[in-house]
Amino acid sequence: SRILAHRGPVTVLERVPHHDERSLAAALVRQPGNTGALLGRLWSTLAPLRTCAAVHRLDAVAPLDERHSIRARFDRARSALHGSARPTDGWTRWRAGLSLRPRVEHVAVRVGLAGPPVGEIVLAHGGLDPRDIVVRSQGMILTDPRPHLAAPHADLAMLFSRITHHLIGTRPGTTIADAVCTGIHGWVTASTNPLNSTDGHSDSALRQVLRLWAMDTLTVVGDVLVLPPDLPVLDETRRGLGERATDVLDVTERIAHALLQGDGSPRTQLADALALVAHAARA
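Quick look at the structure:
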């Protein structure tokens, strides 16, 4: 990547697209009815990397820590938000302006309270933005692999979060977004699903996924909102997130409220959040 601009703690990088037409993001929009099958293929591709042997090999090559985990980045973002004496000029870039700042703080606190810290740590891939995953006939290729130690199911949360960012940011329309979201829900709640394959307590695991998803989304949208107005936002997805930040916060707030209040089953909570994503992705 090439640095386009740098201002204080903010760095704007040029993103080099990796085979955009062959990316998972493009495939989901072209074939929204195949979302479950596409996600299943991705999960099968990643499965060999989750073995104990793979973890030990990576651990031997470079020290793995939690600095790049969803939880660690979320905690740093919250500290930066609370530690700033006043909003940066970046909050004035977007239509909702400074009115979003207290809401971001409020939702972040609620997400932080939504569950106890997870003690178990596993290997996460990290680079699961659908724009950086190339779909091939024999499997899928991660063009931006970033393995690190994280809470269980962090990969699933990152995948859901970044897919929904792409849908909201690029606005393919409610029909396509609804089909993708329906496919996500069907895949993760099926009898043979990625949660049951690693954890018999699927409800508890799904709550963890929802919380981590909200953490990642708040971190990303917060980064977008504080960008100084004279720095360019060339990434279509992030620009769209900034323009529809209120809708994005609706999603995270719904997740936080459901987790705190125990409203409905985790499957219902997931369906409610995905319905808001489909609405936010309207053309």
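Quick note on this note's numbering: the sequence shown kicks off at 74 and runs consecutively. Glycine included, C-beta positions come from ideal geometry on N, C-alpha and C.
What is the rounded straight-line gap between the Cα of residue i and the Cα of residue j?
i, j, result
"A278", "L268", "7 Å"
"H258", "L343", "7 Å"
"Q211", "S152", "43 Å"
"A331", "G337", "7 Å"
"G199", "G256", "22 Å"
"R33", "G313", "Summary: the structure shown does not reach residue 33, with the chain confined to residues 74 through 356, and so no result is reported for it."
"T247", "L283", "22 Å"
"P121", "S96", "21 Å"
"V204", "A252", "For the sequence presented, residue 204 should be read as Arg rather than Val. In a straight line, the C-alpha of R204 is about 18 Å away from that of A252."
"D289", "R146", "8 Å"
"T107", "L101", "Residue identity differs from the one stated: residue 107 is Asn in this sequence, not Thr. Taking the straight line from one Cα to the other gives about 7 Å."
Residues in its own chain within less than 7 Å of residue i by CB, not counting five upstream and five downstream?
i, result
"T310", "H238, H239, G242, T243"
"A56", "Because residue 56 is not part of the residues shown, which for the chain are 74 to 356, the question remains open."
"P317", "First, the residue type needs correcting, since residue 317 is Arg and not Pro in the sequence shown. Taken in chain order, the residues that qualify are I241, A353."
"V350", "T237, L240, I241, A250, C254, V324"
"T118", "G212, M213"
Helix, strand or coil: how does DSSP classify residue i here?
i, result
"S338", "coil"
"A197", "strand"
"L222", "strand"
"S142", "coil"
"R355", "coil"
"G109", "helix"
"R176", "helix"
"D272", "Summary for D272: the model assigns pLDDT 49, below 50, so the residue's position carries little reliability; its value from the coordinates is reported in the next sentence. Three-state result, D272: coil."
"G185", "helix"
Suppose the cutoff is 6 Å on Cβ atoms and the five residues either side in sequence are ignored; what does the same chain contact list for residue i look like?
i, result
"I214", "V207"
"W286", "A230, F233, S234"
"R262", "The question names Arg, but residue 262 is Thr in the sequence shown. Cβ within range, chain order: R340."
"L112", "W260"
"A223", "S142, A197"
"G295", "A150, V177"
If I measure Cβ to Cβ from residue i and keep anything under 8 Å in the same chain, skipping five residues before and after, which residues do I get?
i, result
"D345", "R327, A331, G337"
Should the segment 321–334 be called in touch with the segment 219–227, which here means at least 3 C-beta pairs below 8 Å? no
Which parts of the segment 286–353 are runs of the alpha helix (DSSP H), unbroken and 4 residues or longer, counting only runs that do not cross its ends? 309–316, 318–334, 339–353
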